[in-house]
Every structure is written in structure tokens, then in C-alpha cells.
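Some notes on the structure that comes next.
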Ligand code: GDP
Ligand code: MG
């Protein structure tokens, strides 16, 4: 169904809440183009059961008028409680051997679909606004792709980042070993940083090994062991089903936040009464 000529149709969604985008259906909302933005927010809020306060396009840009939208746009609506602190931004890169699913994970997270085939040479950056623990933030995600193993390229991908996602594939043992050069480079590039950017180790293609356990080449224990060596969190994902994908990015955001806002120091003295 197309919207009438003087109207636009939108798919409105709550900004990523903990249920994750895949579990939450977008609601269709048709608005007259001359309708006020305030009225649009009110109606979007009613559809989504929230008090709508801020509206974002799929690329993460905040909008303040319907003129900034196009027919059939997906709009993300944030409620009053989800205020960003000064639009927190996180620069992340997704690293790992070719074919492990770096692009599939990134596109699943950013656009919520699975790509069967994605040009393996494409390196691209994506932006997404997400709600992590009721605080909105902007993620700038670099999906890396290198046919040639030039260290200088890797250093470029890893420089000036707030955190890294190191991906391997559970059905291919060699891809776990291929994470080591990234970790070595991390130590080298960030040795003077205190704290160092955190890492999340992602074991991808979980759906494949779940369906056919004979394909499993890297056990959960082995993956966790490597993650512990890297002082990293460990998460199993499937870009195909979406399992664990949101979680992987959110865990990384939480780790970065912990370093940015360390908990208040514990009092040194303890008085016994
Ligand atoms: P990249 O080189 O690391 O960016 O890998 P791609 O994202 O291009 O993925 C390589 C291939 O693995 C593609 O055919 C994807 O469709 C497939 N793939 C990626 N992630 C998954 C997954 O979680 N499950 C399954 N079954 N296939 C995946
Ligand atoms: Mg790729």
C-alpha cells in the first residue's frame, strides 16, 4: 500500500531496546506532510507506547522536521528517558580473517539483515545510534577488508579506535589463530594508552556448528581461553540468525564506558563502628 500523494509512510521503531530490533516489529505510520513534527512525535509515541522525544534516521542522524524524511523511511524514536550524554560517540573496528563474517555481522547490526554475499574487498564505515542501558550513543563502525596482509593497513584500521571486535569463525580453526597479529598490533599501537581500548572476541557462525556439530573446530572453552588471554569478553554470534550480534556491540560499548567513567574509587579507610 502506498501513502496518498500528500502523505508519507514511515516504519517507526523504538530505538534499540534490550529486546533487540529483530524481536520488535516496526509500526507503520502514515502522516500528512503538513502535519507538525510535534504531532508526528505524539502519534509515533502512541504507536510505540512511549513518550516520544527524539527521532533519528537509520543512519543515526537526528531529525527535527518531516522535511528531512523520505517516504518509507525507517525512523527510530527515543523516549524521554533515553537522553544521550552529549551524544557519546564510539569508534569501533571489526577485525579478523577474510570470510569470518565481519561484514555480515556489521550489516546485521546496523541494518538488521543478513547478507549472503558481500563483496569481500569492500571496506566501509557505518553509523548507528543505539540505546545501551538507557543511554543513547552513536557507534561509528569500521568494517575492514584486506586482501593483502599489509601491516600498515591494519595499523590504520586500529589507530584511534575506542574498541575492537575480533571475529573468528567457529567452523574454521585457522581463523582463531589469525586474530593474534591483531592483538599484537593492539599491544604495540596502544602501549602508551592508559587505559587501552577494550576488545570483544566474537565467535561467529554459531548457527553452522549448532546445526552440524561435526563442523565445530573451535570449542567454546578454547574461544574463552583466547579471549581471556586478550583480556577480552567472549561472545558467540550468528550473523545469519542475529543471535548475540547486538549483544557483542553493546558489551563493547559497556566496556568502553567502564574505562571512560571508572567507578568512584573505594574509600581507602574503613571505620569499624
Ligand atoms: P568477511 O570477509 O569477514 O567480511 O565475511 P562476510 O561477512 O563477507 O561473510 C563471508 C561468508 O560467510 C558469506 O557468505 C556470509 O554469508 C557467510 N556468513 C557470515 N556470517 C555467517 C553466519 O553467522 N552464519 C552463516 N551460516 N554464514 C555466515
Ligand atoms: Mg567483508
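Numbering (the numbering used here), first residue to last: 16 to 288. Glycine included, every Cβ here is placed at the ideal spot set by N, Cα and C.
Can you check whether the CB of residue 114 is closer than 8 Å to the CB of residue 183?
-> no
In the DSSP assignment, find the unbroken beta strand (DSSP E) run with residue 143 in it and report its ends.
-> 139-147
N-terminal and C-terminal residue of the alpha helix (DSSP H) that residue 188 is part of = 188-192
Runs of beta strand (DSSP E) lying entirely within the stretch 92-136, each at least 3 residues, in chain order = 103-111
Do you know how far the Cα of residue 45 is from the Cα of residue 267?
-> 36 Å
Exposed or buried, which one is residue 152 when buried takes at least 16 other CB atoms within 10 Å?
-> buried
How is the alpha helix (DSSP H) around residue 257 delimited, first residue to last?
-> Segment: none, residue 257 is in no alpha helix (DSSP H) and carries neither H nor E.
Where the beta strand (DSSP E) containing residue 155 begins and where it ends = 150-158
Say the cut is 7 Å; is the CB of residue 133 nearer than that to a heavy atom of the ligand GDP?
-> yes
Quick one: what's got a C-beta closer than 7 Å to residue 116's C-beta in the same chain, skipping five residues either side?
-> 182, 184, 219, 220 and 254
Can we count residue 65 as close to the ligand GDP, meaning its CB is less than 7 Å from some heavy atom?
-> no
Report all residues from its chain with a CB closer than 8 Å to the CB of residue 170; omit the five preceding and five following residues, and keep chain order.
-> 200 and 204
Can you name the start and end residues of the alpha helix (DSSP H) that residue 56 belongs to?
-> 52-63
C-alpha distance - residue 270 paired with residue 106, whole-angstrom precision | 13 Å
Would you call residue 212 buried or exposed, if buried means 16 or more other Cβ atoms sit within 10 Å of its Cβ?
-> buried
Through-space distance from residue 81 to residue 20, alpha-carbon basis = 15 Å
Quickly, what does DSSP pair residue 202 with across the bridge? List them, please.
-> Paired residue(s): none; residue 202 is not in a bridge.
Enclosing alpha helix (DSSP H) for residue 221 [first to last residue] | 221-226
With residue 66 and residue 41 assumed to form a contact (beta carbons below 8 Å), what rounded beta-carbon distance in angstroms separates them?
-> With a Cβ gap of about 19 Å, residue 66 and residue 41 do not count as contacting.
Between the C-alpha atoms of residue 37 and residue 202, what's the straight-line distance to the nearest angstrom?
-> In this predicted model, residue 37 has a pLDDT of only 39, less than 50, meaning its place in the structure is not dependable; the value taken from the coordinates is given anyway. So the two alpha carbons sit approximately 36 Å from each other.
Cα-Cα separation, residue 251 to residue 263 = 8 Å
Among 155, 222, 244 and 50, nearest to residue 145 - alpha-carbon criterion = 155
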